[in-house]
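K.L.:
A single structure is presented below for examination.
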Amino acid sequence: MQSNPKTITARPLSRRAFMHAGIAGAGLVGAAALAGCAGKSADQSGSAQQGSGLKKITFALDWTPNTNHTGLYVAQAKGYYKDAGLDVEILQAPENGADALVAAGDAQFGVTFQDTMASYVSGDAPMPVTAVAAIIQHNTSGIISMKDKGIASPAGMMDHTYATWELPIEQGVIQRCVEADGGDFSRVKMIPSTVTDEVTALTTDQVDSIWIYWAWAGEKCRLAGLDTNYFAFADIDPVLDFYTPVIIAGNDLIESDPETVKAFIDATRAGYEDCIKDPDAAAEILLKAAPELEPELVHASQTYLAEQYQADASMWGQLDQQRWDDFFGWVTEQGFAAPIEPGAGMTTEFIGA
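Quick note: the sequence shown uses this note's numbering, first residue 28, plus one each step.
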C-alpha cells in the first residue's frame, strides 16, 4: 500500500503528544537550549564522583516513571550499577524529551521510540544518538475501543472517531492498518486527542478509539472492568512491529568510552532480568521510587511486561536490524522522512543481534 503523504500532514503538537513523541524534529536547537539548563557537560557527567570511585551517569526518562522503566530502578536499588562502577541518576526528561538531552551530552542515556527517531536519523546532520537496547522486544501498542462500538478490526474504525496526536507516522500507521483490512481511511473521523485518562474517555464517549500501549492503558482498562475490543499493530502487519521504547546513548560516549556503555547495559539487563523473574518484587521497587503510582496497576502492568521485555529474543535488549530497517524503509517509502541508511540510529555492539 502506497499512501499519499500529502494527506498525512504535520501539525502543531499538544504538550502531551510532544512528551509522548519526544522531540519529533525539534533538533539540536532544542538540545543546545537544554545544555544551558542542565548545567553539566558530557565530561562532567561522565567523570568519577570525587572520593567514590564511581563514574557519574545521567539517564533521562521519556515520561514520568512507569513500568517501562522498572529495570532501571531495580538495577539501581539492587546495586548493579554500583557494582559496575557507575553512579546512575534517573531523571524525568524536560519538555523537549530525552533525545535532545542525550544529543547535547547532558545525559549519557535516555528513553525514546524508533518512530520518534525517524525524524532525525537521516539527512545531512543526523542527531548524534544511537539506540543501544530494546526495552520491550515487540511493539505492544494498538487500538482500543468499547466493544459496543463494533470496532473488532481496523476497518471498523470507519465512521468512528479516533483521538489523534496529529503526527504523520502515527496517522500513517492507522491508514496502513485500515486499508490492509479493506477499509477506507478517509472515513476514519480524526479528532485532536485531549485524552488524559483512557477509561474516562472511552466510558463517557469522548472518543470511540484510542492508540494505547497495552502494558499501562490496556491493563488500566482491564482492571476497570471495561468490555473492550483491541487489536495490536504488530498483528496487522509485521512492518509495524517497530521498537518502542528503546534506550539511546550519545554517540560521543559510544565512540570515546564503549566500556562504560557496555557496563551500563549489562547492569541494566540484570535489572530487567529480575523484573522478568519476579514481577511483583520489581513492582514494589518501582512503587518505592514512584509512590504516586497506583499499586494495583503497577503490579498488573509488571506481570504483563514480564513476558514482553525479552519475549522471544535470546536475551533482553536485543535489536534486530532487519526489523529496524523494514520499519524505516516503510517510513521513507511513505514520504515521512528522508531516505534512511540501513542500520542508521542503532547498534548491536553492546547486546548483539
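Cβ atoms here follow ideal geometry from the backbone N, Cα and C, with glycine treated the same way. This one's a predicted model, so the numbers in the text were calculated from it and none came from an experiment.
How should phenylalanine 377 be labelled, buried or exposed, when 16 other C-beta atoms within 10 angstroms of its C-beta is the threshold for buried?
P.N.:
By the neighbour-count criterion, in which 16 or more other beta carbons inside 10 Å mark a residue as buried, phenylalanine 377 falls on the buried side.
K.L.:
Give the DSSP-derived three-state secondary structure of alanine 160 in the structure shown.
P.N.:
strand
K.L.:
Which two residues bound the contiguous beta strand (DSSP E) that contains tyrosine 189?
P.N.:
188–191
K.L.:
Taking only runs that begin and end inside the stretch 114–165, name each unbroken beta strand (DSSP E) of 3 or more residues, in chain order.
P.N.:
136–139, 156–161
K.L.:
Tell me the rounded alpha-carbon separation between isoleucine 162 and glutamate 360.
P.N.:
27 Å
K.L.:
Pull the bridge partners of phenylalanine 86 from the DSSP assignment, please.
P.N.:
DSSP lists Ile117, Phe136 as partners of phenylalanine 86.
K.L.:
For isoleucine 281, report the span of its alpha helix (DSSP H) as first-last.
P.N.:
Residues 278–283.
K.L.:
Tell me which residue opens and which closes the beta strand (DSSP E) that phenylalanine 258 is part of.
P.N.:
255–259
K.L.:
For tryptophan 395, which option in Phe363, Ala276, Gly252, Met184 has the closest C-alpha, if you only look at C-alpha atoms?
P.N.:
With the chain represented from 28 up to 380, any question about residue 395 goes unanswered, as that position is not in the structure.
K.L.:
Tell me whether glutamate 197 is buried or exposed, calling it buried when 16 or more other Cβ atoms sit within 10 Å of its Cβ.
P.N.:
buried
K.L.:
Comparing C-alpha positions only, which one of Ala290, Lys176, Thr375 sits nearest to threonine 231?
P.N.:
Lys176
K.L.:
Would you report the Cα separation of serine 328 and alanine 338, rounded to the nearest angstrom?
P.N.:
15 Å
K.L.:
Work out the CA separation of glycine 277 and threonine 14 for me, nearest whole Å.
P.N.:
This structure gives no information on residue 14, because the portion of the chain shown stretches from 28 to 380.
K.L.:
In whole angstroms, give me the CA-to-CA distance for serine 149 and alanine 365.
P.N.:
6 Å
K.L.:
Would you call glutamine 103 buried or exposed, if buried means 16 or more other Cβ atoms sit within 10 Å of its Cβ?
P.N.:
buried
K.L.:
Which residue comes first and which comes last in the beta strand (DSSP E) that contains tryptophan 238?
P.N.:
Under the DSSP assignment, tryptophan 238 falls in the beta strand (DSSP E) whose first and last residues are 236–240.
K.L.:
At which residues does the beta strand (DSSP E) containing proline 219 begin and terminate?
P.N.:
216–219
K.L.:
Taking alanine 316 as the reference, which of Thr374, Thr94, Ser341, Lys83 has the closest Cα?
P.N.:
When each option's Cα is compared against that of alanine 316, the closest is Thr94.
K.L.:
Please identify the residue among Trp351, Trp357, Lys247 whose C-alpha is closest to the C-alpha of alanine 371.
P.N.:
Trp351
K.L.:
Identify every residue that forms a DSSP beta bridge with glycine 169.
P.N.:
Ile239, Ala259
K.L.:
I'd like the list of long-range same chain contacts for valine 20, defined as Cβ closer than 8 Å, with 5 residues on each side in sequence excluded.
P.N.:
Past the edges of the chain, shown from 28 to 380, lies residue 20, and the structure says nothing about it.
K.L.:
Excluding the 5 residues flanking proline 369 on each side, which residues of the same chain have their C-beta closer than 6 Å to its C-beta?
P.N.:
Asp352
K.L.:
Taking the alpha helix (DSSP H) that isoleucine 201 belongs to, which residues open and close that run?
P.N.:
195–207
K.L.:
Spatial neighbours of aspartate 186 within its chain, please: CB distance less than 6 Å, with the 5 preceding and 5 following residues excluded, ordered by chain position.
P.N.:
Arg214
K.L.:
Pick from Asp114, Ile303, Ala244, Asp142: whose alpha carbon is nearest that of phenylalanine 136?
P.N.:
If we check each option's Cα against that of phenylalanine 136, Asp114 comes out closest.
K.L.:
Nearest to glycine 112 by CA position, among Glu282, Val234, Ile292, Gln233, is which residue?
P.N.:
Ile292
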